[in-house]
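Numbering (UniProt numbering), first residue to last: 1 to 146. Just so it is clear, CB atoms sit at the ideal spot from N, CA and C, and this is done for glycine as well. As structure tokens, the structure follows; a few thoughts come after it.
Now the structure itself:
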């Protein structure tokens, strides 16, 4: 016999799985954005190293200004990427909260179903005990039994 909470539990399980899928996608997106930020950081460090190396060998003002301008663009790109990381992190946090809410909902339905099953078992045990008691009472009232 299907319990009266089976449908709700099934829906909640599907919703939880969908929320988990969205959370995992958000987590993957966050990891990708963090990786891009690390790549930008590595490129900036490499380019700063080139600037230092070029400066040791002597460079003209125009070349130095070109280096500085490009480093400025890289710094802007880094700030843009930091914002992307922040957005991805916020989305992940929201998706995780949504998954946790779905998980709590599923657990609540499961708890209700368990309580209902326990209540039904108690009712059945009492019904069986009543039948046993009635049978015993009838047998004790029959003539020829002691």
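query = Is residue 67 near residue 51, with beta carbons less than 7 angstroms apart?
reply = yes
Through-space distance from residue 28 to residue 92, alpha-carbon basis = 9 angstroms
query = Between the beta-carbon of residue 84 and the beta-carbon of residue 33, is there less than 7 angstroms?
reply = yes
ask   = Does the beta-carbon of residue 1 have 16 or more other beta-carbons within 10 angstroms, so that it is buried, or is it exposed?
value = Any reading at residue 1 is ruled out, since the residue's pLDDT is 48, under 50, leaving its predicted position unreliable.
key: Beta-carbon spacing of residue 5, residue 113 below 7 angstroms   = yes
query = Three-state secondary structure (DSSP) at residue 17?
reply = The answer is helix: DSSP assigns residue 17 an H, G or I state.
task = Tell me whether residue 128 sits in a helix, a strand or coil according to DSSP, three-state version.
result = helix
query = Does the pairing of the region 36 to 56 with the region 7 to 22 give three or more beta-carbon distances under 8 angstroms?
reply = With the cut-off at 8 angstroms, the region 36 to 56 and the region 7 to 22 do not touch.
message = Using only CA atoms, which one of 40, 140, 17 lies nearest to residue 73?
response = 40
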